[in-house]
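Participant: So for the sequence shown, the working numbering puts the first residue at 396; every next one is plus one.
One structure, as structure tokens, below. Some questions next.
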Amino acid sequence: MGITIISYGSLIDVLGQSLTCIATDTDELITHIHQKYPNIKNKRFVIAVNNTIIKKNTVLRQGDQVALMPPYSGG
């Protein structure tokens, strides 16, 4: 078991809907994703860990769920 990564919107086209990764924190996770999926480097997205949007590097634990969400607007 590792960290489950769920992507939304246009990120699904690059990453697929879901994948699993092993990382100790969100910075390491994003570095790994950038290396494996270089097309994502130019895309903007917000990161949520276990349903909470984060603004800075966050420690990850086995079984955590990370969501990558592109910018959105709504009404």
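Think of the CB as a built atom: it goes at the ideal place given N, C-alpha and C, for glycine as much as any other residue.
Computed from a prediction, not measured in an experiment: that's the story for all the values here.
Express the C-alpha separation of THR399 and LEU424 in angstroms, rounding to a whole number.
Facilitator: In the sequence shown, counting from the first residue as 1, residue 424 sits at position 29. In the sequence shown, counting from the first residue as 1, residue 399 sits at position 4. Their Cα atoms are separated by approximately 11 Å.
Participant: Find out if the Cβ-Cβ distance for the pair VAL454, ILE442 is shorter than 8 Å.
Facilitator: Here the question's residue 454 lines up with position 59 in the sequence shown. Here the question's residue 442 lines up with position 47 in the sequence shown. Against a cut-off of 8 Å, the Cβ pair of ILE442 and VAL454 comes out as no contact.
Participant: Spatial neighbours of ILE466 within its chain, please: CB distance less than 8 Å, with the 5 preceding and 5 following residues excluded, ordered by chain position.
Facilitator: One-based indexing of the sequence shown puts residue 466 at position 71. Correcting the residue type first, residue 466 is Pro in the shown sequence and not Ile. Here the set comprises ARG439, PHE440, VAL441.
Participant: According to the neighbour-count rule (16 or more other Cβ atoms, all chains shown, within 10 Å of its Cβ), is ILE449 buried or exposed?
Facilitator: Numbered from its first residue, the sequence shown carries residue 449 at position 54. ILE449 comes out exposed.
Participant: Taking only the alpha-carbon atoms, compute the straight-line gap between ILE407 and LEU414 and give it to the nearest angstrom.
Facilitator: Numbered from its first residue, the sequence shown carries residue 407 at position 12. Numbered from its first residue, the sequence shown carries residue 414 at position 19. Whole-angstrom Cα-Cα distance: 11 Å.
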